[in-house]
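Colleague: Sharing a structure below in structure tokens format, with a few things to ask.
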């Protein structure tokens, strides 16, 4: 979820290979739309029930950006420093997560979701140790405002496994693109199979890492494809204006993507989201000056994209507390939660994440 506000620092590092994959504000704008979609889906407003597609957009973006950075490091030094990579990921992601855990622990007695003390502790451990995806997939629930952290677990497990796979493939002179695409096909086959084999068990298909790895690996494949032969894809997407078409397609999924009672369609919605997100990213890298790129570079969207990790962390517990305990109309409760979430995200970025980003850049 957090993937790569750090690409600014990568751009400043000033290696030619890295400049090709430098900071793109329009991708922060896309991240902002994704996190707003997730917020709206958790609000529970029927017309925008498909906001869960925002998670899929995050996954594709994460795979794309992380692989771009890893491939740049490989081209520069003929290798990838795994220890350094893992330490930088830890500094980027874990401190803000600990603050969110402390916040939820403070308010655990008033969440009112029927959880026991043991249930809260277990949910906190599942979040802090990054196995909430298995908990959410098997049980479909979590206590104390932690349910949304399943996606963070999926990403962290990807960060753990993908770099060694990439190193192994490069050393064996295998095609990294083919490895990533094979992973996409296997993951999506498992997604479809588990959904069809157990109708009605949407959480297991929706949250388990093996069924969501396809989106991350599609982003990886996209990064490799654009790196090895960017001309064809970029020219294609620029000429036929697929970026706005993909953005429109994601908007339609947002309006029609509610999956309650429609588990057999859910894999197709996940796959469609991933393909549209990949198409949009390709279109943006082909021509960021087009209307779609200019829209996504609007300052409010870029600003939200920069702090989107903190926004994602805090939005669900703050939304739960606001709806349960704030007097007044539902719209007012949601607006209050939105404002408080934005404030928490800005504070997290300014006083926690940003200083640690500077520290991380010296590692």
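In the numbering used here, the protein residues as written are 1182 to 1544. Glycine is no exception: its CB is placed at the ideal position from the N, C-alpha and C atoms. From a predicted model like this one, the values you see are computed outputs, not experimental measurements.
DSSP three-state label for residue 1208, please.
Modeller: Looking at residue 1208 - three-state DSSP - the assignment turns out to be helix.
Colleague: In whole angstroms, give me the CA-to-CA distance for residue 1316 and residue 1219.
Modeller: If you draw a straight line from the Cα of residue 1316 to the Cα of residue 1219, it is about 20 Å long.
Colleague: Going along the chain, which residues of its own chain have a beta-carbon closer than 7 Å to the beta-carbon of residue 1300, five neighbours each way excluded?
Modeller: 1324
Colleague: Below 8 Å, how does it come out for the region 1486-1499 and the region 1456-1469: are there three or more Cβ pairs, yes or no?
Modeller: Not touching, per the Cβ criterion.
Colleague: Three or more C-beta pairs closer than 8 Å, one from the region 1475-1495 and one from the region 1222-1230: is that the case here?
Modeller: no
Colleague: Within 10 angstroms of its Cβ, does residue 1437 collect 16 or more other Cβ (buried), or is it exposed?
Modeller: exposed
Colleague: Classify residue 1488 as helix, strand or coil using the three-state DSSP reduction.
Modeller: coil
Colleague: Of the residues 1346, 1471, 1512 and 1303, which one's Cα is nearest the Cα of residue 1326?
Modeller: 1303
Colleague: In the DSSP assignment, find the unbroken alpha helix (DSSP H) run with residue 1511 in it and report its ends.
Modeller: 1511-1529
Colleague: I'd like to check one pair, residue 1241 with residue 1458: are the Cβ atoms closer than 8 Å?
Modeller: Taking a C-beta distance under 8 Å as the contact criterion, residue 1458 and residue 1241 qualify as a contact pair.
Colleague: Looking at the unbroken alpha helix (DSSP H) that takes in residue 1252, where does it start and where does it end?
Modeller: 1234-1258
Colleague: Residue range of the alpha helix (DSSP H) that residue 1226 falls in?
Modeller: Element bounds for residue 1226: n/a, residue is neither H nor E.
Colleague: Please classify residue 1511 as buried or exposed, where buried requires at least 16 other C-beta atoms within 10 Å of its C-beta.
Modeller: Residue 1511 sits exposed, since fewer than 16 C-beta atoms from the chains shown fall within 10 Å of its C-beta.
Colleague: Cα separation between residue 1297 and residue 1214?
Modeller: Rounded to whole angstroms, residue 1297 to residue 1214 spans 35 Å at the Cα level.
Colleague: What residue ranges within the region 1350-1404 form continuous alpha helix (DSSP H) runs of no fewer than 4 residues, ordered along the chain?
Modeller: Entirely contained in the region 1350-1404, the alpha helix (DSSP H) runs reaching 4 residues are, in chain order, 1357-1378 and 1383-1388.
Colleague: Is it buried or exposed, residue 1377, if we count other Cβ atoms within 10 angstroms and call 16 or more buried?
Modeller: exposed
Colleague: Could you check what DSSP says for residue 1323 in three-state terms: helix, strand or coil?
Modeller: Looking at residue 1323 - three-state DSSP - the assignment turns out to be coil, as it is neither helix nor strand.
Colleague: Going by beta carbon distance, what residues of the same chain come within less than 7 Å of residue 1362, once the five residues before and after it are set aside?
Modeller: 1402
Colleague: If you draw a straight line from the C-alpha of residue 1479 to the C-alpha of residue 1353, how long is it?
Modeller: Cα-Cα distance, rounded: 43 Å.
Colleague: Quick one: Cα of residue 1330 to Cα of residue 1313, how far?
Modeller: Between the C-alpha atoms of residue 1330 and residue 1313 there is a straight-line separation of about 6 Å.
Colleague: How about the region 1366-1375 and the region 1339-1349: do they share at least three Cβ pairs that are nearer than 8 Å?
Modeller: no
Colleague: By the DSSP assignment, the alpha helix (DSSP H) with residue 1284 in it spans what residues?
Modeller: Where residue 1284 is concerned, the enclosing alpha helix (DSSP H) stretches over 1263-1288.
Colleague: Among the residues of its own chain, which have a CB less than 7 Å from the CB of residue 1392, if the five just before and after it don't count?
Modeller: So the qualifying residues of the chain are 1368, 1371, 1372, 1375 and 1386.
Colleague: Is residue 1319 buried or exposed, if buried means 16 or more other CB atoms sit within 10 Å of its CB?
Modeller: exposed
Colleague: Which whole-angstrom value describes the C-beta separation of residue 1358 and residue 1405, a residue pair presumed to lie in contact below a C-beta threshold of 8 Å?
Modeller: With 8 Å as the limit, residue 1358 and residue 1405 qualify as a contact, their Cβ atoms being about 4 Å apart.
Colleague: How many Å lie between residue 1340 and residue 1249 at the Cα?
Modeller: 13 Å
Colleague: So, helix, strand or coil for residue 1311, using DSSP?
Modeller: coil
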